[in-house]
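Chemist: One structure follows; several queries about it will come next.
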Amino acid sequence: MQGTGTSPMSFDTQDESFEKESSSGGLVLQAQPQRRESFLYRPDNEFDLSPVSRHSSIGSSEYCEDLIVTPFAQILASLKTVRNNYVSLTEASDRTGRMLSNSNNTPSSKHLSEEDFSKLASETLAELDWCLDQLENIHSHRSVGDMASSKFRRMLNRELSNFSDSKSGNQVSEYICNTFLDKQQELDLPALCGDEGSAGKGSPLSQISGVKKPLCHTNSLTQLPKYGVETENEMELGKLLEDTNKWGLDVFKVDTFSSQRPLTAVVYQIFRERDLLKTFKIPSKTLLNYLMTLEDHYLKVPYHNRIHACDVTQSVHVLLSSPALESVFTDLEILATLFAAAVHDVDHPGVTNQYLINSSSELALMYNDLSVLENHSLAVGFKLLQDESCDIFHSLSKKQKQSLRKMAIDLVLATDMSKHMSLLADMKTMVETMKVAGSGVLLLDNYTERIQVLQNMIHCADLSNPTKPLEIYKTWVGLIMEEFFEQGDREREEGLDISPMCDRHNATIEKSQVGFIDYIVHPLWETWADLVHPDAQDILDTLEENRDYYQNLIPLSPSTKEAPSSQLAAAAEKIQFQITSEDDDEPKPDS
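First residue of the sequence shown: 1, per UniProt numbering; consecutive thereafter.
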């Protein structure tokens, strides 16, 4: 597969002016068939919806059956209704005297009875009043995506409250809340201080921890291996790598047949298929040196290891190859995205950001509690490039290096799971706004929109386990749960509160997977599938099948360890406070 861009240069990230070197006129949105929808499409009783704008994207007949759920797109749809009704009521003309068109085909006032005329006028006024009410509640410092994010949080709050009907359900709800919502942490000073004198322990802050001296892995080779790695199973590895362009590559078999070098083997294959070595003048030896050195810096933890990095990078590669995205992104954007996927979890210690913060770790101190692991992985990934034998970007111009670095940083930081709701809301708002506008085409003519699509792409790849063939998915579930349990064991030993889903003596794996899919994975992939329709329909089908598999494993009878209803109510109230407090911008008066 050749690189899809026409030039290795992309855009000036300083002023966000975009150099249009992509041959595409934009990303064309296609109408989707009906399928099971996520909780985002359920009625939001707390949000005063316009009855017209809630039901369809009325700006285009092609999308007339699509529901609109993001507030900005709903407002836009309502304003289009007001405009069309105004034309019908007044038979207005433009400045040249030509009659204005009515995209809704509402009858003109000449064909309306007095009663229908009065009714249409009242409906138009009500629609306009609704728009004004919504606009009055918009904070000037918020983006339109924040409007959707706030709404989705509120709806998730209601869903999680309903889901917390048992001790196991509450644990899943707390896990989702703590992991996938970006919230201000409440300071509990005694808890933060811990035992007297414990805060200052540990080694002094180093520049970048975890970085080892790179080894020149290819110096001893007289000839580079066919697939980039030395293995006794070259034929089997080659057969597996034939599926590099397919969704659901068995990366565990790749790990076995590549002598535990899955990341190196797969990324080397991807770079060759996309002709990136030639486009950016990257010597094969340099690429292999970097990839092997990078792979050496992935730790031997159950889940966030070299196999996960391989899986995410290969998934990104397949998503970049979607027909809907053909010729949309430049070679430099593709290079940056693949690089970001490869480095996104390097030197991950197998614990969460919150654990590092709670334990006053060196990394949390270095990065001020903000996307700790993501910032650290970026630092390690770029630090390794400083060795001459690993500098795969040596031939890039200064401007290209700056652009690639900015993109890679923006992409890896988007893998912080606490950014999930914002990413989802931004993408859904963008898609629905284009539908309502009637064009059905995302121009992607500026950095913000382009990086937004790529951020959601890498986020989808990072949350793609439930969309893979069932046996592969089940393997991933076992690995992530083991990593969670190991963190819980450490928390128990250190006297910390055990994080949700991390107590090996009290976890419901089946219910956690159903909740994870229903409230996180399905809404995200549903929106991505809308963006690239019909390219992701098979992925959605697999996701639904895997969800049904775990749903059928949940015991029908309640557990004997269920918590009393009073405890469940208190837990649900706690979750509700955590979610809704994000939306409280105004200070509360003292009670």
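No residue lacks a Cβ here, since even glycine has one placed at the ideal position from N, Cα and C.
List the DSSP bridge partners of residue 28.
Modeler: DSSP, once it has assigned bridges, lists 441 as partnering residue 28.
Chemist: Please report how far the alpha carbon of residue 7 lies from the alpha carbon of residue 267, in whole angstroms.
Modeler: Residue placement at residue 7 cannot be trusted, given a pLDDT of 43 that sits under 50; what the coordinates show is reported in the next sentence. In a straight line, the C-alpha of residue 7 is about 21 Å away from that of residue 267.
Chemist: On a Cα-Cα basis, can you pick out the residue from 489, 302, 299 and 396 that is closest to residue 335?
Modeler: Comparing Cα-Cα distances from residue 335 to each of 489, 302, 299 and 396, the minimum goes to 396.
Chemist: CB-CB under 6 Å to residue 469, same chain, minus the five flanking residues each way: which ones, in chain order?
Modeler: Same-chain partners within the cutoff: 248.
Chemist: Quick one, are the C-beta atoms of residue 256 and residue 292 less than 8 Å apart?
Modeler: Contact: no.
Chemist: Quick check: the segment 376-385 against the segment 239-246, are there 3 or more CB pairs under 8 Å?
Modeler: As far as the Cβ criterion goes, the segment 376-385 does not touch the segment 239-246, which means the pair count is below three.
Chemist: Which residues in the same chain as residue 302 place their Cβ atom closer than 6 Å to its Cβ, once the five residues preceding and following it in sequence are excluded?
Modeler: Once the five neighbours on either side are set aside, the close Cβ partners of residue 302 are 479, 482 and 483.
Chemist: Can you say whether residue 74 is buried or exposed, counting buried as having 16 or more other CB atoms within 10 angstroms of its CB?
Modeler: That one is buried.
Chemist: Quick check on this structure: which residue in 351, 493 and 259 has the alpha carbon closest to the alpha carbon of residue 371?
Modeler: Among 351, 493 and 259, the Cα nearest to that of residue 371 is on 351.
Chemist: Note down the Cα distance separating residue 28 from residue 536, rounded to an integer number of angstroms.
Modeler: Cα to Cα, the separation comes out at about 15 Å.
Chemist: Please report the distance separating the alpha-carbon of residue 445 from that of residue 417.
Modeler: So the two alpha carbons sit approximately 27 Å from each other.
Chemist: Given this structure, state the Cα-to-Cα distance separating residue 506 from residue 486, to the nearest angstrom.
Modeler: Cα to Cα, the separation comes out at about 13 Å.
Chemist: Under 8 Å, do residue 297 and residue 212 count as touching if we go by C-beta distance?
Modeler: Yes; because the gap between Cβ atoms is below 8 Å, this pair is in contact.
Chemist: Work out the CA separation of residue 409 and residue 319 for me, nearest whole Å.
Modeler: The straight-line gap from Cα to Cα measures roughly 20 Å.
Chemist: Could you spell out the range, first to last residue, of the alpha helix (DSSP H) harbouring residue 446?
Modeler: Looking at the DSSP string, residue 446 is not in any alpha helix (DSSP H), and its letter there is neither H nor E.
Chemist: Pairs of beta-carbons, one from the segment 145-165 and one from the segment 125-133, closer than 8 Å: are there three or more?
Modeler: No contact exists between the segment 145-165 and the segment 125-133.
Chemist: In whole angstroms, what separates the C-alpha of residue 283 from that of residue 341?
Modeler: Rounded to the nearest angstrom, the two C-alpha atoms are 21 Å apart.
Chemist: May I have the straight-line CA-CA distance separating residue 226 from residue 281, to the nearest angstrom?
Modeler: Rounded to the nearest angstrom, the two C-alpha atoms are 19 Å apart.
Chemist: Report the rounded CA-to-CA distance for residue 465 versus residue 476, giving the unit in angstroms.
Modeler: Spanning the two alpha carbons is a distance of roughly 7 Å.
Chemist: Return yes when the Cβ of residue 511 is within less than 8 Å of the Cβ of residue 451, no when it is not.
Modeler: No, Cβ-Cβ distance for residue 451 and residue 511 is not below 8 Å.
Chemist: What are the boundary residues of the alpha helix (DSSP H) that includes residue 417?
Modeler: No alpha helix (DSSP H) contains residue 417, which DSSP labels as neither H nor E.
Chemist: Using C-beta distances below 6 Å, list every residue in its chain close to residue 385, excluding the 5 sequence neighbours before and after it, in chain order.
Modeler: 391, listed in sequence order.
Chemist: In the DSSP assignment, find the alpha helix (DSSP H) that holds residue 464 and state where it starts and stops.
Modeler: Looking at the DSSP string, residue 464 is not in any alpha helix (DSSP H), and its letter there is neither H nor E.
Chemist: Three or more C-beta pairs under 8 Å: does that hold for the segment 519-534 against the segment 496-503?
Modeler: Flag = no, the segment 519-534 and the segment 496-503 do not touch.
Chemist: Please classify residue 552 as buried or exposed, where buried requires at least 16 neighbouring CB atoms within 10 angstroms.
Modeler: So residue 552 counts as exposed.
Chemist: In whole angstroms, what separates the C-alpha of residue 356 from that of residue 153?
Modeler: For residue 356 and residue 153, the distance between alpha carbons rounds to 25 Å.
Chemist: Compare the Cα-Cα distances from residue 473 to each of 366, 125 and 514 and report the closest residue.
Modeler: Ranking 366, 125 and 514 by Cα distance to residue 473 puts 514 first.
Chemist: Please list, in chain order, all residues of the same chain as residue 413 whose beta carbon is under 6 Å from its beta carbon, the five residues on each side excluded.
Modeler: Cβ within range, chain order: 371 and 374.
Chemist: Inspect the beta-carbon positions of residue 299 and residue 348 and report whether they are closer than 8 Å.
Modeler: In contact: residue 299 and residue 348 (Cβ atoms closer than 8 Å).
Chemist: So, with DSSP's three-state summary, where would you put residue 423?
Modeler: Three-state result, residue 423: helix.
Chemist: At what residues does the alpha helix (DSSP H) containing residue 536 begin and finish?
Modeler: Taken as a continuous stretch (DSSP letters only), residue 536 belongs to no alpha helix (DSSP H), as it is neither H nor E.
Chemist: Residues in the same chain with beta-carbon distance under 7 Å from residue 549, minus the five sequence neighbours each way, listed in chain order, please.
Modeler: Only 470 meet the Cβ criterion.
Chemist: Let me know the secondary structure DSSP gives residue 52 once reduced to three states.
Modeler: Reliability fails at residue 52, whose pLDDT of 47 lies under 50, so the model's placement of it is uncertain and the value that follows must be treated cautiously. In this structure, residue 52 counts as helix in the three-state DSSP scheme.
Chemist: Give the secondary structure of residue 181 by DSSP, where H, G and I count as helix, E and B as strand, and everything else as coil.
Modeler: In the structure shown, residue 181 sits in coil (DSSP, three-state: anything other than H, G, I, E or B).
Chemist: Of all the options 556, 534, 526 and 530, which has the alpha carbon lying nearest to the alpha carbon of residue 544?
Modeler: Looking at the Cα atoms, 526 is the closest of the given residues.
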